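So the structure is just underneath, and the comments pick up after that.
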Amino acid sequence: MLLYCIIGVASADRLEVCTTTLGAERKTMIIDIHAHFPFGEYSRLEDLDIFLRRARRFHVDRICLSGYVNRYGFNPTARQVREINRWTLQAMGRHPEQLIGFCFLNPAVGADAARREIDWAITRHGFCGIKLWVSVNCRSRKLDPILTAAAELGVPVLHHSSYNTLGPAAPNESTPADVADLARRFPAVPLIMAHLGHARVQGITEIAPHRNVLVDTSGSQPARGLLEEAVRRLGARRLVFGTDLPIRDYASVLGRLYDAPLTGRQRGLILGQNAARLLRLEAP
Ligand SMILES: [Zn+2]
């Protein structure tokens, strides 16, 4: 009976804390910096309604779409890259107030083709960032023209990274140490390293000296305390809320953010203010 009472009191306290915190943070725009559409079961434009209903349920205001990156394997042609970005553009056209495009690129298609894609997506159609996945390891100089263009246009680059416990998911997959190398070569470009959950403490340590690198909160390995450790080592201004939806879900990523012992200011930065700064969105 005593145990039951203690649990009851503890739960009530926690509930009150969460409700209060969530209320305070509703002043902050919530931006998911890392999602994919179309992807998996969301294959038709009409599926966007289900996709966005999930976001509304968790008060997510804006979603950055990185495209159907694995649609054509690890090494898509320039034509396939355009097709992936065209799907993102169609989604943006249906919900321009909620969806933000990141231009997916394969550095292996060459500097001229990559530049054409950047001009089409960012300059002509208002995409706000660049997404790089596993086509080329980010230590390669093939990325240099893309990063140079990002610096020129003032857009962030979201780069896949992982210390995969099962070994690399692709031959050219980049690790956090590789992202640190890219950050050292291009200190003026804001880099968003994907997947805090796959970076682990080792990855946080490796990117820590490079202040142009932020980390998104996605990744499937739910090590307790990792988010808090990242905030302690990097500062809250270097984390951004990202889910990798629909591969992950809002419940787990937001649950971790709301449950972590962070201040309201730290949570507000991570949930949306840092992303708004990077994407040059108007202050909410
Ligand atoms: Zn992703």
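For the sequence shown, position 159 (counting from the first letter as 1) is numbered 268 according to our numbering, and the numbering increases by one without interruption.
Beta carbons are placed, not taken as given, at the ideal position from N, Cα and C, and that holds for glycine.
Bear in mind the structure is a predicted one, so any value in this text is a computation, not a measurement.
Legend entry - Length of the line joining the Cα atoms of Glu216 and Pro296: Sequence inspection shows Pro at residue 216; the Glu mentioned does not correspond to that position. Taking the straight line joining both Cα atoms gives about 19 Å.
Inset, instruction - Using alpha carbons as the reference points, say which of Pro370, Val362 and Leu380 lies closest to Leu348. - result: Leu380
Inset, instruction - In the DSSP assignment, find the unbroken alpha helix (DSSP H) run with Gly238 in it and report its ends. - result: It is not in any alpha helix (DSSP H) - Gly238 instead sits in the beta strand (DSSP E) that spans Gly238 to Leu241.
Inset, instruction - Please name the residue in Asp290, Arg224, Thr232 and Glu226 whose C-alpha comes closest to that of Arg248. - result: Asp290
Legend entry - Buried or exposed (CB count within 10 angstroms, at least 16 for buried), Glu391: Label assigned to Glu391: exposed.
Inset, instruction - Confirm, please, whether the CB-CB distance from Asn194 to Ala230 is below 8 Å. - result: Yes, these two residues count as a Cβ contact at 8 Å.
Inset, instruction - Just grab the DSSP bridge partners of Asp325 for me. - result: Val349
Inset, instruction - Indicate whether Cys173 and His204 have their beta-carbon atoms separated by less than 8 Å. - result: The answer is no: Cβ separation not under 8 Å.
Legend entry - Alpha-carbon spacing of His145 relative to Ala303, whole angstroms: 13 Å
Inset, instruction - Can you grab the Cα-Cα spacing for the pair Pro277 / His269, in whole Å? - result: Annotation: Pro277 to His269 spans about 12 Å, alpha carbon to alpha carbon.
Legend entry - Inter-stretch contact at 8 Å, needing at least 3 Cβ pairs: the stretch 175-194 / the stretch 359-371: no
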